[in-house]
Amino acid sequence: MRITGTTRVTGIFGWPVGHSVSPPMQNAAFKALALDYCYVPFAVHPDALSSAVEAIRALNLRGVNITIPHKERVMAHLDTIDAEAAFVGAVNTVVNDGGRLTGYNTDGRGFMQSLAEQAIDLDGKDVFMVGAGGAARAVGYYVVQKARSLVLYGRTMERVERLAEDLRKIGGTVSVSRDAKDLGRYYLIIQATPLGLYDADPLPVDADLLEKGQVVYDLVYKKTKLLREARKRGCVALAGDGMLLWQGALAFELWTGRKPDIDAMRRALRRTLG
Ligand code: NAP
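This is the structure in structure tokens:
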């Protein structure tokens, strides 16, 4: 990579940030299109978030990704929040247009693009989702716009009920499951909790209820126990690296106005995730 006097700088704010897989993925994308951009990690302590956001303007950064623990708190420091990010209550991408900062959340669209890439169409389909946090909100926002129905299930029922209510307000046909006992009837099952990150984690749902041919999508980046069990039962098993790839591709597009070379990004992501 050649850094010149005109190189546009992008990056990621997180604490910690050392585990982020975005720098190699985004830099590979800039390189593939020979764009004069670079992407760097910024370890931003929670106490320094406000001054770090001010530095986007002061240093004329083109934009940044935002990760844990800043995704919610950053919103108060931006000039504009797009509709999806406002619904989710979290921003993962900031664009700087001449000092005016806009916050986006590309997770939900990234999820949908990763389905489209696998020729999975939710039109007229029934979907089940475990979890009611930020990722479930982002994904749910788009799922209800396509699917016939969405059933939500999770640990803290008040949070699940609140997400169901919010998704109904944007036109979704959404209900809540208390026991996740009828899993076999859904076209797609989405796992949107951190369960599965560690092999010792319990399964988020009973894998014996899965039926051959169902699609099981785990938002956790790796091949989780749930995905292994799903594959054994003849399901289509998808891991969260697809969503990770596409949310990054959408951020790239917001900063550069160009569609990235998705295969260059995918190769870099695979090399990093191992
Ligand atoms: P979050 O806002 O903290 O929400 C986590 C959700 O999981 C909540 O509904 C929470 O329930 C539930 N949960 C947490 N621990 C649980 C447990 N031990 N048992 C049952 N439920 C549990 O987190 P998030 O941002 O939504 O992220 C969720 C997962 O998605 C993470 O693994 C994250 O890495 C992944 N993710 C992937 C991508 C991608 O690009 N692939 C993007 C974003 C997130 P309570 O309400 O009861 O706490």
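The numbering of the sequence shown is our numbering, which starts it at 764 and goes up by one.
Built from N, CA and C at the ideal position, the CB exists for glycine as well.
Going by other Cβ atoms of all chains shown within 10 Å of its Cβ, with 16 needed for buried, is residue i buried or exposed?
{"i": "residue 765", "result": "exposed"}
{"i": "residue 819", "result": "buried"}
{"i": "residue 1029", "result": "buried"}
{"i": "residue 1023", "result": "buried"}
{"i": "residue 967", "result": "buried"}
{"i": "residue 971", "result": "exposed"}
{"i": "residue 1056", "result": "Nothing can be reported for residue 1056: it is not among the residues displayed for the chain, which extend from 764 to 1037."}
{"i": "residue 797", "result": "exposed"}
{"i": "residue 961", "result": "exposed"}
{"i": "residue 866", "result": "buried"}
{"i": "residue 809", "result": "exposed"}
{"i": "residue 995", "result": "exposed"}
{"i": "residue 886", "result": "exposed"}
{"i": "residue 786", "result": "buried"}
{"i": "residue 830", "result": "buried"}
{"i": "residue 855", "result": "buried"}
Could you check what DSSP says for residue i in three-state terms: helix, strand or coil?
{"i": "residue 783", "result": "coil"}
{"i": "residue 926", "result": "helix"}
{"i": "residue 1035", "result": "helix"}
{"i": "residue 797", "result": "coil"}
{"i": "residue 917", "result": "coil"}
{"i": "residue 1025", "result": "helix"}
{"i": "residue 773", "result": "strand"}
{"i": "residue 821", "result": "helix"}
{"i": "residue 809", "result": "helix"}
{"i": "residue 768", "result": "coil"}
{"i": "residue 826", "result": "strand"}
Between residue i and ligand 3, is there a pair consisting of the residue's CB and a ligand heavy atom that are separated by less than 8 angstroms?
{"i": "residue 949", "result": "Within the structure as shown, ligand 3 is missing, the only ligands being ligand 1."}
Considering only heavy atoms of ligand 1, does any lie closer than 8 angstroms to the CB of residue i?
{"i": "residue 789", "result": "no"}
{"i": "residue 1006", "result": "yes"}
{"i": "residue 898", "result": "yes"}
{"i": "residue 809", "result": "no"}
{"i": "residue 895", "result": "yes"}
{"i": "residue 867", "result": "no"}
{"i": "residue 1010", "result": "yes"}
{"i": "residue 955", "result": "yes"}
{"i": "residue 848", "result": "no"}
{"i": "residue 777", "result": "no"}
{"i": "residue 983", "result": "yes"}
{"i": "residue 918", "result": "yes"}
{"i": "residue 860", "result": "no"}
{"i": "residue 873", "result": "yes"}
{"i": "residue 901", "result": "yes"}
{"i": "residue 786", "result": "no"}
{"i": "residue 964", "result": "yes"}
Could you check how far apart the C-beta atoms of residue i and residue j are, in whole angstroms? I think they sit under 8 angstroms.
{"i": "residue 933", "j": "residue 891", "result": "Residue 933 to residue 891, Cβ: 19 angstroms. No contact."}
{"i": "residue 800", "j": "residue 836", "result": "Actually they are not in contact, since the Cβ atoms of residue 800 and residue 836 sit about 26 angstroms apart, beyond 8 angstroms."}
{"i": "residue 851", "j": "residue 900", "result": "5 angstroms"}
{"i": "residue 902", "j": "residue 955", "result": "6 angstroms"}
{"i": "residue 853", "j": "residue 868", "result": "6 angstroms"}
{"i": "residue 1003", "j": "residue 880", "result": "Actually they are not in contact, since the Cβ atoms of residue 1003 and residue 880 sit about 14 angstroms apart, beyond 8 angstroms."}
{"i": "residue 872", "j": "residue 888", "result": "Not a contact, Cβ separation roughly 18 angstroms."}
{"i": "residue 989", "j": "residue 959", "result": "6 angstroms"}
{"i": "residue 895", "j": "residue 926", "result": "4 angstroms"}
- Write down every uninterrupted run of the alpha helix (DSSP H) in the region 933 to 1003 whose length is 4 residues or greater and which is fully enclosed by it, in chain order. 988 to 995
- Task: Give, in chain order, every unbroken run of the alpha helix (DSSP H) that is at least 4 residues long and sits entirely within the region 837 to 894.
- Result: 846 to 851 and 870 to 880
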